[in-house]
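The structure appears below as structure tokens.
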Amino acid sequence: MTIKLRLHLATLLLPLALVCGCAASGKPPVQAGPAVSKAEIAALFDRWDRSLGTGNADAVVANYATDAILVPTLSNQVRHTPAELRDYFVHFLQKQPRGRILESNIQLFGDIAVDSGIYEFETKNGRVPARYTFVYRKSGDRWLIVTHHSSQMPEKTRVVTAH
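Written out as structure tokens, the structure reads:
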């Protein structure tokens, strides 16, 4: 066997051996902290919506991690930095939006949580139904948005509130 082939095999087999060794230890996996409830994650939308109600873009951006990504409802530009998020919310807040969840589907993954579904914004220009996904990450004692995707509903139908 050539040295190059041996190195390649070692590169492939070493991670497998480490994983098998850890799995065979019989120790339970380490928990990342106290479990979070779906109700706690649902309340994060209310916190975000209250920040919209302040009319202050900085208050809204405070809900986002510094490395957050925003794929916004009313803009074609993906926002990658706190300054870009702030720019979006300065303009969005001029519409005086208030959000309301119509359908929420929450998934919990330790220090990560996902809330996706349908929400509706009431603005001074009317209602905007949209699909959403918030990905939250626990940072210290606070949950922050790391990914927020929002897109207008593609079909012009009446949105029905889910059970």
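Mapping of the sequence shown onto the working numbering: position 87 corresponds to residue 145, and the numbering continues sequentially without gaps.
Each residue gets a CB set at the ideal place from its N, CA and C atoms; glycine is no exception.
All values derive from a computational prediction rather than experimental measurement.
Per DSSP, which residues does residue i bridge with? Please list them.
i, result
"Gly-175", "Ser-162, Tyr-190"
"His-206", "Leu-128, Phe-192"
"Thr-181", "Gly-184"
"Tyr-122", "Ile-203"
Express the C-alpha separation of residue j and residue i in angstroms, rounding to a whole number.
i, j, result
"Ala-5", "Ile-127", "Here the chain covers residues 59 to 221 and nothing more, so residue 5 does not appear."
"Pro-212", "Val-193", "22 Å"
"Asp-125", "Gln-152", "25 Å"
"Thr-131", "Ser-109", "17 Å"
"Leu-166", "Arg-158", "21 Å"
"Asn-121", "Ile-203", "6 Å"
"Lys-196", "Ser-133", "27 Å"
"Gln-135", "Leu-160", "26 Å"
State buried or exposed for residue i, treating a residue as buried only when at least 16 other CB atoms are found within 10 Å of its CB.
i, result
"Trp-201", "buried"
"Ala-97", "exposed"
"Arg-137", "buried"
"His-206", "buried"
"Asp-169", "exposed"
Can you tell me whether residue i is helix, strand or coil according to DSSP?
i, result
"Leu-110", "helix"
"Trp-201", "strand"
"Asp-169", "coil"
"Gln-152", "helix"
"Ile-99", "helix"
With distance defined between alpha-carbon atoms, name the residue in the options nearest to residue i.
i, options, result
"Gly-198", "Phe-147, Ala-123, Gln-165, Gly-175", "Ala-123"
"Ser-209", "Thr-191, Arg-195, Gln-165, Tyr-146", "Thr-191"
"Ile-176", "Asn-163, Asn-183, Tyr-146", "Asn-163"
The ligand PLP heavy atoms versus the CB of residue i: any closer than 6 Å?
i, result
"Ile-159", "Looking for the ligand PLP in the displayed structure turns up nothing, as the structure carries no ligands at all."
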